[in-house]
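Single-structure report; data block below.
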Amino acid sequence: MNKLQSLLLASVTVGLSTNAAAVSFAATADTYIYEFLGNQPGGNVLVANHESNHGMRGLMDFDGLDAYLPSLTAGGFTATLNLFSVCDTSGFVSACAGEPNAAVTTDVLAQNGAWGEDDAGLAWSDINEGGKYADFTISNAVDQWLSIDITSLVEEWRSNGSTGDGIILSQEAYPVVRNDAGSMAVAQFLSSDYADANFHPYVDVQVSAVPVPAAVWLFGSGLVGLVGVARRRRQAVAA
């Protein structure tokens, strides 16, 4: 391989290295709070609104993302919260979100205040809602992944240098939803306690493609010049 071919190969390699990259971070803690019963760890994360102290709000934390935040730049990434929605009519649940006439909307908010997944004393009053960053609607109760854009939330985490106290999943801003039989529809998500880690909640961060530096374009222009020189040399030899 001659010098000119080596330079051309290098320019192609630089171009390929500018592709976008995606990194995923699984939930490090998750639970839900039943309004009058308190913390309910160890199973699915349930979310519902109710007018008689039977509301449920979820908590999730993604501490593993903290170390990655300094590598992000403002406007240089997108972030998605991924939750696996299920329908399990047992325990506190007699109707699922997404049943006929029972589509439910859930807000994603920042949690302001420390909490522990296994804290037996964790109560409804410990949920301290910060700003709202996204919402999503479940209109189909069949097992499925839901992807929610939380770029603005992760941008705030990046700016603060920490994921803080994680997120809240809440339906408190919406009317109570009931199915055709009159039962409260509950949104349910597999948690980090689920046996198969492939279905745990996670945040996916997609870093935007890095623009090719101006120097590379100048380098490319230099290659064009080298090609021209090579052509002139071959022409001179032929003469």
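Reading the sequence shown from the start, the letters are residues -22 to -1, 1 to 217 in mature numbering (1 follows the signal peptide of the UniProt record, and there is no 0). Beta carbons: idealized from backbone N, C-alpha and C, even for Gly. Just so it is clear, the structure is predicted and the values come from calculations on it, not from any experiment.
{"Query": "Take S49 as the anchor and find which of R136, Q166, W123, G76 has the nearest alpha-carbon.", "Result": "R136"}
{"Query": "Grab me the residues of S72's own chain with a C-beta within less than 6 Å of its C-beta, minus the 5 sequence neighbours each way, in chain order.", "Result": "S161"}
{"Query": "Counting only the same chain and skipping the five closest in sequence on each side, list residues whose C-beta sits under 8 Å from that of V1.", "Result": "Y46, D182, V183, V185"}
{"Query": "Take the Cβ of L61 as the centre, count every other Cβ of all protein chains shown within 10 Å, and call the residue buried at 16 or more, exposed below.", "Result": "buried"}
{"Query": "W195 by DSSP, collapsed to three states: which one?", "Result": "Its pLDDT being 42, under 50, W195 is placed unreliably in this model, and the coordinates cannot settle the point."}
{"Query": "Between which residues of its own chain and P78 is the CB-CB distance below 8 Å, once the five residues before and five after are set aside?", "Result": "N157, D158"}
{"Query": "Between which two residues does the beta strand (DSSP E) holding R35 run?", "Result": "34 to 39"}
{"Query": "Looking only at its own chain, which residues have a Cβ that is under 7 Å from the Cβ of D66, when we skip the five neighbours before and after it?", "Result": "N22, Q166"}
{"Query": "Assuming T58 and I126 are in contact, meaning their beta carbons sit under 8 Å apart, how far apart are those beta carbons, in whole angstroms?", "Result": "7 Å"}
{"Query": "For V155, which residues does DSSP report across the bridge?", "Result": "DSSP, once it has assigned bridges, lists no residue as partnering V155."}
{"Query": "Taking 8 Å as the cut-off, decide whether the C-beta atoms of V82 and A163 are in contact.", "Result": "yes"}
{"Query": "Should V25 and T115 be called a contact, given that it needs their Cβ atoms to be closer than 8 Å?", "Result": "no"}
{"Query": "In chain order, what residues of the same chain have a beta carbon less than 7 Å from the beta carbon of L15, not counting five sequence neighbours either side?", "Result": "none"}
{"Query": "Considering V183, what are the terminal residues of the alpha helix (DSSP H) in which it resides?", "Result": "Here V183 belongs to no alpha helix (DSSP H); instead the beta strand (DSSP E) covers 180 to 185."}
{"Query": "Just the C-alpha distance for A4 and N31, rounded to the nearest angstrom, thanks.", "Result": "31 Å"}
{"Query": "Give the DSSP bridge partners of S2, in chain order.", "Result": "D182"}
{"Query": "In three-state DSSP terms, what is G42?", "Result": "helix"}
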